[in-house]
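J.: Read in order, the letters of the sequence shown correspond to residues 549 to 711 in our numbering. Backbone N, C-alpha and C define an ideal beta-carbon position, used for all residues, glycine too.
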Amino acid sequence: MIIYEASDVMEVSKEIPYHCMYCNDCCDDYLGWGYFAYQGGVVFSFLGIDGARVEKILDLASITLNKKSVPGDKSALVPGGIRIGSPAMTTRGFTEKEFVPTADFIHESVQITLEAKRLVSGSKLQDFLKFVAAADFPLLDNMLNMLNLFSINNIFLFARMHD
549 MIIYEASDVM
559 EVSKEIPYHC
569 MYCNDCCDDY
579 LGWGYFAYQG
589 GVVFSFLGID
599 GARVEKILDL
609 ASITLNKKSV
619 PGDKSALVPG
629 GIRIGSPAMT
639 TRGFTEKEFV
649 PTADFIHESV
659 QITLEAKRLV
669 SGSKLQDFLK
679 FVAAADFPLL
689 DNMLNMLNLF
699 SINNIFLFAR
709 MHD
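1. Could you name the residues of the same chain whose beta carbon sits closer than 7 Å to that of E663, not counting the 5 residues immediately before and after it, in chain order?
2. Starting from I629, follow the beta strand (DSSP E) in both directions and report where the run begins and ends.
3. Take K616 and list the residues in its own chain whose beta-carbon comes closer than 7 Å to its own, dropping the five residues that flank it on each side.
4. Let me know the secondary structure DSSP gives K615 once reduced to three states.
5. Let me confirm a value: A682 is counted as buried when at least 16 other C-beta atoms fall within 10 Å, else exposed. Which label applies?
6. Whose C-beta lies closer than 6 Å to the C-beta of N690 among residues of the same chain, with five residues either side of it excluded?
7. Tell whether a beta-carbon distance below 7 Å holds between I716 and K665.
8. Give the secondary structure of T643 by DSSP, where H, G and I count as helix, E and B as strand, and everything else as coil.
9. Since G633 and L606 are thought to touch, with beta carbons under 8 Å apart, how far apart are those beta carbons, to the nearest angstrom?
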């Protein structure tokens, strides 16, 4: 965790708009992967899955983001997008060089989410959550391999959650 002194806050806050613009530039990666960008490249609606499921997979990897309702959603409880907070990333010490691996990591997590949704026996969010929280989650090795590939600054980000 990074702790800033009062004098550092102004310096860090000056970087946030720059990183927000960089995040918008990285939006091209998401569009190239077939996602739909909404609200300035910050919220994404994933084709075939929802933000609640992506949020859960990323929670398993200790990556926090927000599920976000987007136009066309049927339920606010299971929204179709996620919001990635570039200001929050900046205050945690990320620079533009960490934004691209983060985008890659989120994309790989979406692929794992798609596969998990295909493998789960029920169609409800509850079924999905129970499936991915199980100790024998079949895509656990994929998550670990991905985390090793995309660790940022050699920080291992995985924290397995058990019920």
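T.: Taking the definition as stated:
1. L687
2. Inspection of the sequence shows that residue 629 is occupied by Gly rather than by Ile. Residues 629 to 631.
3. V591, G599, P627, G629, I630, R631
4. strand
5. exposed
6. I660
7. Look at the range of the chain in this structure, 549 to 711, and you will see that residue 716 is not part of it.
8. coil
9. The pair is not a contact, with the Cβ atoms about 13 Å apart (cut-off 8 Å).
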